[in-house]
Amino acid sequence: MSIKGKAYLMGAFEHPTRDAPDKTTAQLHAECAKGALEDAGLGFDDVDAYFCAGDAPGFGAMSMIDYMGLKNVRHMDTTETGGSSYILHVGHAAQAIAAGKCQVALITLAGRPRNGGNRPGASMAGGARGPGLSDGPPEAGFESIYGGSTHNTYGMCAMRHMYEYGTTSEQLAWIKVAASHHAQWNEHAFLKSVVTVEDVVNSRMISDPLHLLDCCVVTDGGGALIVTSPEIAKSLKRPKVRVLGAGEAPKVQQGGKLDLTYSGAVWSGPRAFEEAGVTPADIKYASIYDSFTITVLMQLEDLGFCKKGEGGKFVADGNLISGVGKLPFNTDGGGLCNNHPTNRGGITKVIEAVRQLRGEAHPKVQVANCDLALAHGTGGSLGVRHGAATLIMEREG
Amino acid sequence: MSELMTRPVPAPAVTLENKPFFDAAEEGKFLIKRCTACGEAHWYPRSMCPFCHSDKTVWEESAGEGVVYSFSILRKSPSGPYALAYVTLAEGPNVLTNVVDVAPDDLKIGMKVKVKLQPTEGGPPVPVFTPA
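Heads up: the sequence lines are chains A and B, in that order. Once you know that position 117 of the first sequence is 1061 in the numbering used here, the rest is easy, because the numbers rise by one and skip nothing. Once you know that position 80 of the second sequence is 270 in the numbering used here, the rest is easy, because the numbers rise by one and skip nothing.
What follows is the structure, encoded as structure tokens:
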């Protein structure tokens, strides 16, 4: 497949300002977006892909998607290659459009070097200051000051989920219990002891309603993946794991109309399933991001493994334990027991799915005839401002 | 745990867009932004309406009344346990904040709360919420 003739540049806008003492960088991004959309005769709601580089303030693409109120994004790219980024983004947008991943891609650039704006690449923390004023993430003045961490932001999701659906700490504990049953067979696992529901609910409260054992491990380490063309795959000696479908989505705070009981998996999941041509019932093994027990429960619901609000019942009684329950998950012990290198669990989710599809998982946790697997992750804050990604893979032959 | 929770809040990052909010906070007023094109109130405040994308957004004084949408109490911190929360304002938007002057065991989803502008070190006051 080539991108030749598959995509069109239909909107272009150069901001008239050359000196912006009175606007933030976020505002300039949004004004540029509006200008290009108006030029094309399109609106913000038509945008289904967003591209930005290191000049965009905040958390990757999330802060600007949030600021601009983009609600239909299903493809994101924040590749940073300095000043050439936006040319490269057009190439990437054309590839995404040719692959059917999106139809309307928005690419923005903005900054205020004359007025003390952040240098591109400044982090989500707060950033450089001009004369007395900040020009960092647009949400910073209203969020980071309140002491939000992963523990308490995810805790708020669990608290609301319990309030709305009657989910219990004991049900959440079953997720850790299942992970520990798997980790006992993994010689590299950070925590190898099998734990009980009582162990979890009696462990120290970290941030209500999440206990110490509701939390993932903190580990050093890493991982890598190789993705190849079918021709290269055929020439290699390893079992073939074929990519069937992928879906992605941002979830942001929607101008304050937030709902903490679901994640971006409600959008990324159906996209991946549709592309793969399979349903949740077909999945033999699932790698589900497990920064906390609540992360797993919400994502299982959102991916369609059970109905919304019934995750507690679904995970209870060992239903996630390989060889015992209906949906074996995180057979390496997951982030809850095995590994969560540099606080990013996405890559280990794919790695264990590859092991399962190759038949190379530990014999005690290997799923019989494992020919179809899913890996799903949430990056950022569950409930508000995160990127969700779903991947579906099958064993070929 | 019956001690009332408090939390020292650091100075907020004041930007060109949010300066009127923090200037008003210095005068004891709690503002929100509303779009005059579509009528919707939003949070956090920004120049462009996140719903209809009009730039006709205006500041509006709010009584700062709302209910706790969700919360989580981080049990260990240098200043003791504190509550991170989302409060649903009477005007509609959910606001990330700390709920203070409440005992951990008394804090509940649905609790009525009211804004309190709390001083920060070296910056303008910021909105936290207390039981109404």
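Every residue, glycine too, gets a C-beta built ideally from N, C-alpha and C. Quick caveat, the model's predicted, so the values are computed rather than measured.
Over the uninterrupted alpha helix (DSSP H) stretch that includes A:Arg-1302, give me the two end residues.
-> 1290–1302
Which value, in whole angstroms, describes the spacing of the CA atoms of B:Pro-198 and B:Leu-264?
-> 14 Å
Own chain, CB closer than 6 Å to B:Cys-228, minus 5 neighbours either side, in chain order | Phe-241 and Cys-242
Using three-state DSSP, classify B:Glu-230 as helix, strand or coil.
-> coil
Taking A:Val-1162 as the reference, which of A:Val-1171, A:Lys-967, A:Phe-1134 and A:Ala-1168 has the closest Cα?
-> A:Phe-1134
Secondary structure, beta strand (DSSP E): runs of 3+ residues fully inside the segment 1083–1115 of chain A = none
Anyone know if the C-beta pair for B:Ala-275 and B:Phe-261 falls short of 8 Å?
-> yes
If you draw a straight line from the alpha carbon of A:Tyr-1030 to that of A:Phe-988, how long is it in whole angstroms?
-> 19 Å
Within 8 Å, strictly: CB atoms of A:Leu-1154 and A:Gly-1099 = yes
Determine the burial state of A:Gly-1070: buried for a count of at least 16 other Cβ atoms within 10 Å of its Cβ, exposed for fewer.
-> Residue placement at A:Gly-1070 is flagged as unreliable, the pLDDT there being 48, under the threshold of 50; the coordinate-derived value follows with that caveat. A:Gly-1070 is buried by the Cβ-count criterion.
Are any of the Cβ atoms in chain A nearer than 8 Å to that of B:Met-238?
-> yes
By how many angstroms is the C-alpha of A:Ser-946 removed from the C-alpha of A:Ile-1150?
-> 51 Å
Please list the residues of the segment 1144–1168 of chain A that have a C-beta atom closer than 8 Å to any C-beta atom in chain B, keeping them in chain order.
-> Arg-1148, Met-1149, Ile-1150, Ser-1151, Asp-1152, Pro-1153 and Leu-1154
Which residues share a DSSP beta bridge with A:Val-1185?
-> A:Arg-1339
Rank A:His-1330, A:Thr-969 and A:His-973 by C-alpha distance to the C-alpha of A:Ser-1210 and give the top, closest one.
-> Per the sequence shown, the amino acid found at residue 1210 of chain A is Val instead of Ser. Per the Cα distances, A:His-1330.
is_contact[A:Glu-982, chain B] using C-beta, thresh 8 Å | no
Chain B residues whose Cβ lies nearer than 8 Å to that of A:Asn-1096 | Ser-262, Ile-263, Leu-264 and Leu-274
Among A:Gly-1004, A:Ala-1040, A:Leu-1244 and A:Lys-967, which residue has its Cα nearest to the Cα of A:Gly-1213?
-> A:Leu-1244
Alpha carbon to alpha carbon, how far is B:Ile-299 from A:Gly-1253? Give it in angstroms, no decimals.
-> 18 Å
Limits of the alpha helix (DSSP H) - the one that A:Gln-1243 falls within = 1237–1247
Test item: CB-CB of A:Val-1144 and A:Asp-1158 under 8 Å = yes
In whole angstroms, what is the alpha-carbon distance linking B:Asn-288 and A:Cys-1101?
-> 16 Å
Determine, using beta-carbon pairs with one atom in the segment 1052–1064 of chain A and one in the segment 1309–1328 of chain A, whether at least three such pairs fall under 8 Å.
-> no
Starting from the N-terminal side, write out each stretch of the beta strand (DSSP E) that is 3 residues or longer and does not extend beyond the segment 228–307 of chain B.
-> 247–251, 255–264, 272–279 and 284–289
Within chain B, the residues that A:Ile-1089 reaches when beta carbons sit closer than 7 Å | Val-199, Pro-200, Pro-202 and Val-316
From B:Glu-286 to A:Leu-1032, what distance separates their C-alpha atoms?
-> Note that residue 286 of chain B corresponds to Leu in the displayed sequence, not to Glu. Distance between the alpha carbons of B:Leu-286 and A:Leu-1032 is about 37 Å.
CB contact below 8 Å: A:Gly-1085 versus chain B = yes
List, in order along the chain, the chain A residues whose C-beta lies closer than 7 Å to that of B:Pro-268?
-> The contacting residues do not exist; B:Pro-268 stays about 10 Å from chain A at best.
Who are the neighbours of A:Ser-1093 on chain B, taking C-beta pairs under 9 Å?
-> Leu-264 and Leu-274
Going by Cα to Cα distance, which pick from A:His-959, A:Asp-963 and A:Asp-966 is closest to A:Gly-979?
-> A:His-959
Please name the residue in A:Ser-1028, A:Gly-1085 and A:Gly-1035 whose C-alpha comes closest to that of B:Pro-314.
-> A:Gly-1085
Under 9 Å from the C-beta of B:Lys-209: neighbouring residues of chain A | Leu-1077
Go through the segment 1121–1194 of chain A residue by residue and report every complete run of the alpha helix (DSSP H) that reaches 4 residues or more, in order.
-> 1141–1145 and 1174–1179
Buried or exposed by the 16-neighbour rule on C-beta atoms within 10 Å, applied to A:Pro-1075 = Caution applies to A:Pro-1075, whose pLDDT of 48 falls short of 50 and renders its modelled position unreliable; the model cannot decide the point.
According to the Cβ coordinates, are B:Leu-221 and B:Glu-250 closer than 8 Å?
-> yes
What residue from A:Gly-1289, A:Glu-975, A:Ala-1193 and A:Gly-1092 has the CA that sits closest to B:Thr-245's CA?
-> One point to set straight first is that residue 245 of chain B is Asp, not Thr, in the sequence displayed. Of the candidates A:Gly-1289, A:Glu-975, A:Ala-1193 and A:Gly-1092, the one whose C-alpha sits nearest the C-alpha of B:Asp-245 is A:Glu-975.
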